[in-house]
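A quick write-up on the structure given underneath.
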Amino acid sequence: MSTVQATASDIAGQIGMMWEVLKAPLLVPLLKSAVYICIAMELMLFVERLYMGIVIVLVKIFMKKPDKRYKWIPMADDDLEIGSADFPKVLVQIPMFNEKEVYKISIGAACNLSWPSDRLVIQVLDDSTDPIVKDMVETECLRWASKGLNITYQIRETRGGYKAGALKEGLKHNYVKDCEYVVIFDADFRPEPDFLRRSIPFLIHNPEIALVQGRWRFVNSNECLLTRMQEMSLDYHFTVEQEVGSSTHAFFGFNGTGGIWRIAAINEAGGWKDRTTVEDMDLAVRASLKGWKFVYLGDLQVKSELPSTFKAFRFQQHRWSCGPANLFRKMVMEIVRNKRVNFWKKFYVIYSFFFVRKIIAHMVTFFFFCVVLPLTLLVPEVEVPIWAAIYIPCIITTLNSVGTPRSIHLLFYWILFENVMAYHRTKATIIGLLEAKRANEWVVTEKLGDALKNKDKSKPVKKARGPLFGDRILPQELGFAAFLFFCGLYDVLYGKRQYFVYVFLQVITFTIAGFGYIGTIVPS
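With the first letter of the sequence shown counted as 1, position 87 gets the number 86 in numbering that gives the first Met the number 0; the numbers rise by one all the way through.
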């Protein structure tokens, strides 16, 4: 026994000696450099958030609302059954892929839009691979067509180009040639009947406007803590980012749904392209470079559904993080060389819209708070200023919370959860920048609709069976939990910075995520 103890002691001593030998000449300079880089990125994000906060306050106080800034005349109250030539012909596109739980929602909402039936064309673009779902969707279309609605069920032989390919193919049909505008609703979106009457006048009376974007509202935001966290992030996006972009530069990223385009602007910009997983943002940037303007209407709200399973949310965030980075790689020089927009708009698109929000925001959140800061607990020679570790992050977080005042009490949980998701977003961002293997991976976000509510509550709920690793148990999250636990434990035993409280809370969050106990558990 004494021999084993002596051997273990010798091994520990050798490891400790190697650590001391490598620490001063190699680890300390590298970690100091990482700290400086992270602080620089944090300051960039801080200035961006502060700028956005100041601008949104000025917009709310001093700037006129969109219907006062642009010409807006309400549509005449003609007999909708008879129809009117004064109403432009509008195409409604509803792209779908195996949307068994929600297909009736968007089709029904589109068919109930308050618009003359002879001036409305509804196009259901079904890329479903499940023949049962395809039959269900087609039957629903035929049911509405029997009521006199001009609704067409369209399928393709292949899913080439995914959503972008379906939208592009839909615009090629002869029966849509007379349509001036196209409005897009994903399968879980349910617009109010007056959606077109409130948005179309901006396009009719302002020929320079290409896009009118509505705001998303979420019918299942109270379903679980995961959906509450998403609501906080997306409400900031709509309340601040979209509003500021619309008010200052008449530019923002199209959200892919809940918006209406001038078809002429789509054609001039080169149409839908499937070169990235963010075909909506791609089209918006190209249209903006042609000189077109966009309008965001915060009071034009469209109900939709948030992904309530952690797996669906991870795939969605991969697409939303990888796509913009990949698009930035492809378009940055095109933006620089463009001569139709001024310098400040180019700067806004390249630096603020792409670089800080789509790249820096993800990387600094993950690298600084999940890697570099914990590592400094192991290397006391490297210090992070308290203003960079605590004060500035608190200000940034407070600014991010303005969109959802009702969830202010969840702010601390939101921070910890966002740090976990920053790992997935950073990985996806790097994949997009390098155009690596998963750069064009497209997984349709799973929608549950009322599936869970309709289950017999008298029966015990069983967790869905599936692959244990990679589906429910996530080794990478658990690996980060172990790393952070080691850093926190070292700080408890030998450190003086008291950061172990934050580190251990982050350990708990990574562990919960690693075992898949986030979001809704779908019954089998």
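C-beta atoms are modelled at their ideal positions from N, C-alpha and C, and glycine is treated no differently.
None of the values given here were measured: they were computed from a predicted structure.
Give the DSSP-derived three-state secondary structure of residue 308 in the structure shown. strand
DSSP state of residue 354 mapped onto helix, strand, coil: helix
Would the beta-carbon of residue 52 be found less than 7 Å away from any heavy atom of the ligand NAP? Summarising the ligand content, the structure contains no ligands, and the ligand NAP is consequently not present.
Residue 123 and residue 104: beta carbons closer than 8 Å? no
Segments assigned alpha helix (DSSP H), at least 4 residues, entirely inside the region 405 to 436: 410 to 433
Within its chain, find whatever has a CB closer than 7 Å to the CB of residue 292; leave out the 5 residues flanking it on each side and keep chain order. 207, 208, 209 and 249
Report the residue from 369, 447 and 409 whose alpha carbon sits nearest the alpha carbon of residue 309. 447
Answer with buried or exposed for residue 63, where buried requires no fewer than 16 other C-beta atoms within 10 angstroms of its C-beta. exposed
Assuming the contact rule is C-beta atoms closer than 8 Å, residue 164 and residue 273 should be a hit. Round their C-beta distance to whole Å, please. 6 Å
Hey, out of 234, 397, 327 and 390, whose CA is closest to residue 220's CA? 234
C-beta contact flag for residue 180 and residue 87 at 8 Å: yes
Is the distance from the Cβ of residue 311 to the Cβ of residue 444 below 8 Å? yes
Which residues mark the beginning and the end of the beta strand (DSSP E) in which residue 209 is found? 208 to 217
So if DSSP puts residue 151 in a beta bridge, which residue, or which two residues, is it bridged to? 122
By how many angstroms is the C-alpha of residue 315 removed from the C-alpha of residue 465? With a pLDDT of only 47 at residue 465, under the threshold of 50, the placement of this residue in the model should not be trusted, and no figure is reported.
Can you tell me which of 373, 154 and 483 puts its alpha carbon nearest to the alpha carbon of residue 540? Nothing can be reported for residue 540: it is not among the residues displayed for the chain, which extend from 0 to 523.
Other residues of its chain near residue 245: CB distance less than 7 Å, five sequence neighbours each side excluded: 251, 293, 294 and 295
Nearest-angstrom Cα distance between residue 482 and residue 499? 13 Å
DSSP puts residue 300 in a beta bridge; with which residues? 214
Alpha helix (DSSP H) containing residue 161: first to last residue? 161 to 169
Return the first residue and the last residue of the alpha helix (DSSP H) that residue 282 is part of. 278 to 288
Assigned exposure category for residue 84 - 16 Cβ within 10 Å defines buried: exposed
In angstroms with no decimal places, state the Cα-to-Cα distance between residue 137 and residue 406. 41 Å
If you run the structure through DSSP and keep just helix, strand and coil, what is residue 255? coil
Going by beta-carbon coordinates alone, are residue 506 and residue 490 separated by less than 8 Å? no
Pull up the CB-CB distance for residue 26 and residue 378, whole angstroms please, since I reckon it's below 8 Å. 6 Å
Throw me the rounded Cβ distance for the residue 239 and residue 178 pair, which I believe falls under 8 Å. Residue 239 to residue 178, Cβ: 33 Å. No contact.
Measuring alpha carbon to alpha carbon, tell me which of 190, 276 and 367 ends up nearest residue 160. 276
Taking Cβ to Cβ, would you say residue 488 is nearer than 8 Å to residue 513? no
Are the Cβ atoms of residue 255 and residue 184 separated by less than 8 Å? no
Residues in its own chain within less than 8 Å of residue 422 by CB, not counting five upstream and five downstream? 365, 369, 475, 476 and 479
To the nearest angstrom, how far is the alpha carbon of residue 460 from that of residue 519? Confidence is the limiting factor: at residue 460 the pLDDT is only 39, short of 50, which leaves the residue's position unreliable, though a coordinate-based value still follows. Approximately 12 Å between the Cα atoms of the pair.
With DSSP run on the structure shown, which of helix, strand or coil describes residue 261? strand
Look up residue 550 in the DSSP assignment and say whether it is helix, strand or coil. Residue coverage of the chain in this structure runs from 0 to 523, which leaves residue 550 outside it and unanswerable.
C-alpha gap between residue 306 and residue 496, whole angstroms: 38 Å
Can you tell me the Cβ-Cβ gap for residue 93 and residue 106, rounded? I've got them flagged as a contact below 8 Å. 7 Å
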